[in-house]
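Undergrad:
In my numbering, the protein residues as written are 55 to 511.
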């Protein structure tokens, strides 16, 4: 029987037939060549050994450490096909999926692990963390709390619960947890979060921010304005042949961090005399949900204006006591004014009530103790947009609510009606207008208004 030639023998025979000179090669050389070709053929046909499970895991961990999460997930999936019982790798897959915001699948994998290992604290913490990232904050809080009932000293569970409470805006409890953590394991991240929460607790409510010229710098002009130059003119006419009143105004303001400094010069012609008072205020946030200002005024050789005046006012949002009271903001103000040899004190209690749609009502009392003069004032303000605002106010009593001369605090029955608007003209220009009427019974009636141009930067 003829044995079929293998491929190597066939190649040798064909080569010898085509090259007759080689037929004289020695049998030894011919056999060596055949053996070499056989070895090469075997090597070419031998398959590459499959990667071991340990090598696969090493590759997955390497991709994860390099933040190549998509490739790491693919490797972990491949491993689990051949090793479906390995929950450690299943947890690693859930971890890298959560970092890719594939929360649903990550949750499903963690819950699958817990169906077999219900007391695995690490997996329960990881599941709570992913639920927090999903926005399922109540479930995340319950998950962390259940772990802490069993292992109260778990730093991961305490940190996760603190983060969750922070995201739920439960700042007081979150701050307590963060401070406990900081005492156990301080770090820049915890320190920064503690400072952030303290700032949040002290920060004014959105309603308070409608009036308070304090806080973070703004990207563009918005009421209440903080960086501007105001140039204006006011004119008032009097009855009983009293000369008209003219007031010029140059006012500037600048933000200094979270505070605002305002200064002004007002050349005033009133009662036939002229004064040029210079005044200013510094506005600042005070403590939790509170803000206020201090101010001073001085006039050189005054005819009717105060020689000096100083005082301030503080506003306290009741949201600091309970969130349901955040629409209420009581205030207390005080001014001491010196007119020549006479000095007076003015006490100004008040309250502001905030309504929806950027509407608020401010009620104040102006009380001058020496004379007993007292005036009640009410003002309604509406701000439909960041730079458009309207107000209307009225007051009645026995003094003015804007004391600028001795005549203003003389005890005489009076009532005042005012109205005005602030509106944008362009990106860097705004217009402010007011109308005013005051009746001081037998002394005089005073009527007029003001127009101010505001330049923003």
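Backbone N, C-alpha and C fix where the C-beta goes; we use that ideal spot for every residue, glycine too.
#1: Is DSSP giving residue 114 helix, strand or coil here?
#2: Which residue or residues does DSSP assign as beta-bridge partners of residue 485?
#3: Return yes when the Cβ of residue 445 is within less than 8 angstroms of the Cβ of residue 435, no when it is not.
#4: Assign residue 293 to one of three DSSP states: helix, strand, or coil.
#5: Alpha carbon to alpha carbon, how far is residue 281 from residue 306? Give it in angstroms, no decimals.
#6: Below 8 angstroms on the Cβ atoms is my guess for residue 286 versus residue 258; work out the distance and round it to an integer in Å.
#7: So which of 349, 353, 183 has the shortest CA-CA distance to residue 364?
#8: For a quick check, are the C-beta atoms of residue 340 and residue 346 less than 8 angstroms apart?
#9: Please report the distance separating the alpha-carbon of residue 215 from that of residue 200.
#10: Check the DSSP bridge columns for residue 284 and list the partner residues they point to.
#11: I need the boundaries of the beta strand (DSSP E) containing residue 335, first residue and last residue.
#12: Please classify residue 399: does DSSP put it in a helix, a strand, or coil?
#13: Take residue 374 as the anchor and find which of 479, 151, 252, 150 has the nearest alpha-carbon.
#14: Would residue 232 be called buried (16 or more neighbouring beta carbons within 10 Å of its own) or exposed?
#15: Between the C-alpha atoms of residue 391 and residue 230, what's the straight-line distance to the nearest angstrom?
#16: Could you give the uninterrupted runs of the alpha helix (DSSP H) lying entirely in the stretch 233-289, keeping only those of 4 residues or more?
#17: To which residues of the same chain is residue 479 closer than 6 angstroms at the C-beta, ignoring the five residues directly before and after it?
#18: I believe residue 202 touches residue 212 by the beta-carbon criterion, under 8 angstroms. Please report the beta-carbon distance rounded to the nearest angstrom.
#19: Give the straight-line distance between the Cα atoms of residue 130 and residue 114, rounded to the nearest whole angstrom.
#20: Between the Cα of residue 420 and those of 153, 462, 393, 382, spot the shortest distance and give me the residue it belongs to.
#21: Please report the straight-line C-alpha distance between residue 396 and residue 367, rounded to a whole angstrom.
#22: How big is the Cα-Cα spacing for residue 99 and residue 174?
TA: According to the data block:
#1: Indexing the chain shown from 1 puts residue 114 at position 60. In this structure, residue 114 counts as helix in the three-state DSSP scheme.
#2: Your numbering for residue 485 matches position 431 in the chain shown. Listed as beta-bridge partners of residue 485 by DSSP are 477, 507.
#3: By 1-based counting over the chain shown, the position of residue 435 is 381. By 1-based counting over the chain shown, the position of residue 445 is 391. Taking 8 angstroms as the Cβ cut-off, residue 435 and residue 445 qualify as a contacting pair.
#4: The count along the chain shown starts at 1 and reaches residue 293 at position 239. Coil at residue 293, not helix or strand.
#5: The residue labelled residue 306 in the question sits at position 252 within the chain shown. The residue labelled residue 281 in the question sits at position 227 within the chain shown. Roughly 8 angstroms separates the two Cα atoms.
#6: Here residue 286 is taken as the residue at index 232 of the chain shown, counted from 1. Here residue 258 is taken as the residue at index 204 of the chain shown, counted from 1. Rounded, the Cβ-Cβ distance is 28 angstroms, inconsistent with contact.
#7: Within the chain shown, numbered from 1, the residue matching residue 364 stands at position 310. In terms of Cα proximity to residue 364, the closest of 349, 353, 183 is 349.
#8: Numbered from 1 along the chain shown, position 286 holds the residue referred to as residue 340. Numbered from 1 along the chain shown, position 292 holds the residue referred to as residue 346. Contact: yes.
#9: The residue given as residue 215 occupies position 161 in the chain shown. The residue given as residue 200 occupies position 146 in the chain shown. For residue 215 and residue 200, the distance between alpha carbons rounds to 11 angstroms.
#10: Residue mapping note: residue 284 aligns to position 230 of the chain shown, counting from 1. Residue 284 pairs with 305, 508.
#11: Counting from one through the chain shown, the residue named residue 335 turns up at place 281. In the DSSP annotation of this structure, the continuous segment of the beta strand (DSSP E) that includes residue 335 starts and ends at 332-339.
#12: Here residue 399 refers to the residue found at position 345 of the chain shown. Here residue 399 sits in strand by DSSP.
#13: Residue 374 sits at position 320 when you count from the first residue of the chain shown. Taking only the C-alpha atoms, the option nearest residue 374 is 252.
#14: As a first step, residue 232 is located in the chain shown; it is residue number 178 there, counting from the start. A residue is called buried once 16 or more other Cβ atoms fall within 10 Å of its Cβ, and residue 232 is buried on that count.
#15: As a working mapping, residue 391 is identified with position 337 in the chain shown. As a working mapping, residue 230 is identified with position 176 in the chain shown. Residue 391 and residue 230 have their alpha carbons spaced roughly 46 angstroms apart.
#16: Qualifying alpha helix (DSSP H) stretches, in chain order: 242-256.
#17: The residue you call residue 479 lines up with position 425 of the chain shown. The beta carbon of residue 479 is closer than 6 angstroms to those of 485 in its chain, skipping five residues each way along the sequence.
#18: Here residue 202 refers to the residue found at position 148 when the chain shown is read from its first residue. Here residue 212 refers to the residue found at position 158 when the chain shown is read from its first residue. For residue 202 against residue 212, the beta-carbon gap comes to about 7 angstroms, under 8 angstroms, which counts as contact.
#19: The count along the chain shown starts at 1 and reaches residue 130 at position 76. The count along the chain shown starts at 1 and reaches residue 114 at position 60. Roughly 6 angstroms separates the two Cα atoms.
#20: As a first step, residue 420 must be located in the chain shown, where it is residue number 366. Out of 153, 462, 393, 382, the CA that lies nearest to the CA of residue 420 is found in 462.
#21: Reading the chain shown from its first residue, position 342 is the one you call residue 396. Reading the chain shown from its first residue, position 313 is the one you call residue 367. Each residue's Cα considered, the two are about 23 angstroms apart.
#22: The sequence position of residue 99 within the chain shown is 45, counting from 1. The sequence position of residue 174 within the chain shown is 120, counting from 1. Note that residue 99 has pLDDT 44, beneath the 50 cutoff, so the model's placement of it is unreliable and no number is given.
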